[in-house]
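Engineer:
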Amino acid sequence: MTMATTTYDGVLAEIKAAVGAEHEREAALRRSVEILKARVPHYTWIGIYLLDDHELVLGPFLGKPSPHTRIPLHRGLCGAAASERRTIVVDNVDADPRYLACSLETRSEIVAPIMRGDEVLGEIDIDSDRPAAFGPSDRALVEATATLLAAKF
Ligand code: SME
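Following our numbering, the numbering of the sequence shown begins with 34 at its first residue and continues without gaps.
1) On the premise that arginine 119 lies in contact with proline 98, defined as a C-beta separation below 8 angstroms, what is that separation, rounded to the nearest angstrom?
2) Please go through the stretch 91 to 117 and give each complete beta strand (DSSP E) segment of 3 or more residues, from N-terminal end onward.
3) Tell me whether aspartate 162 counts as near the ligand SME, meaning its Cβ is closer than 6 angstroms to at least one heavy atom of that ligand.
4) Helix, strand or coil for valine 52, going by three-state DSSP, please let me know.
5) Inspect the CB distances between the stretch 161 to 168 and the stretch 41 to 53 and report whether three or more fall short of 8 angstroms.
6) Which same chain residues, not among the five before or five after tyrosine 76, have their C-beta less than 7 angstroms away from its C-beta?
7) Which of the three DSSP states, helix, strand or coil, is assigned to glycine 80?
8) Nearest-angstrom Cα distance between leucine 89 and proline 100?
9) Looking at glycine 43 and the ligand SME, is the gap between the Cβ and the nearest heavy atom below 6 angstroms?
10) Cβ atoms of alanine 177 and valine 153: under 7 angstroms apart, would you say?
11) In whole angstroms, give me the CA-to-CA distance for tyrosine 82 and leucine 106.
12) What number of angstroms, rounded off, separates the C-alpha of threonine 35 from the C-alpha of arginine 149?
13) Could you check what DSSP says for arginine 163 in three-state terms: helix, strand or coil?
14) Beta carbon of glycine 109, beta carbon of leucine 137: below 7 angstroms?
15) Taking the continuous beta strand (DSSP E) assigned at arginine 149, which residues delimit it?
16) For alanine 46, is the classification buried or exposed, using 16 other Cβ atoms within 10 angstroms of its Cβ as the cut-off for buried?
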């Protein structure tokens, strides 16, 4: 099965149930990160940043500790996704001058904003050690997770 035809219906159902069951935002964010990490092997690092005054502040994450715990909106792929209010997928992070390195092994990255209307609340950031790891079904999964989490803000 190729990446593009992989679907994550079961993963999304699990996230939906977990997010629905958690009353606290922090717990819902953490459970989502845990499920994504446990269920999708090529997601090497998963974290959620929360927008706090013009900075993205790292919340729950799994993977190696990142040096980027606070990212201004004008920096990195994270800042680009938040300021452009759209999902950013980078197949080869080494070829993108916006990229802020978190781990030397990272090859590709997806960042999807968590939004309420036009307002950015935070974002889901996922790195992979595989080049071009994020296809259309990954984008759909991450964006659907972001929509579920937006209800917790
Ligand atoms: N790569 C991100 C920084 C965060 S780390 O990947 C955890 C960026 O370019 O904004």
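Glycine is no exception: its CB is placed at the ideal position from the N, C-alpha and C atoms.
Structural biologist: A quick look at the data gives this:
1) At roughly 28 angstroms, the Cβ-Cβ gap does not stay under 8 angstroms, so proline 98 and arginine 119 are not in contact.
2) Annotation note: the stretch 91 to 117 contains the following uninterrupted beta strand (DSSP E) runs of length 3 or greater, listed N- to C-terminal: 103 to 105.
3) No.
4) It is helical.
5) The answer is no - the stretch 41 to 53 does not touch the stretch 161 to 168, with fewer than three Cβ pairs under 8 angstroms.
6) Excluding positions up to five away in sequence, the list reads Leu69, Lys70, Ile159 and Ser161.
7) It is a strand residue.
8) Near 13 angstroms, if we compare the C-alpha coordinates of proline 100 and leucine 89.
9) Checking the Cβ of glycine 43 against the ligand SME gives no.
10) Inclusion of valine 153 and alanine 177 in the CB contact set at 7 angstroms is not warranted, their separation being larger than that value.
11) Distance between the alpha carbons of tyrosine 82 and leucine 106: 11 angstroms.
12) Because threonine 35 carries a pLDDT of 48, less than 50, the predicted location of this residue cannot be relied on, and the following value inherits that uncertainty. So the alpha carbons of these two residues sit roughly 33 angstroms apart.
13) Looking at arginine 163 - three-state DSSP - the assignment turns out to be coil, as it is neither helix nor strand.
14) Not a contact, by the Cβ cut-off of 7 angstroms.
15) Where arginine 149 is concerned, the enclosing beta strand (DSSP E) stretches over 141 to 149.
16) By the beta-carbon neighbour count (other beta carbons within 10 angstroms, threshold 16), alanine 46 is exposed.
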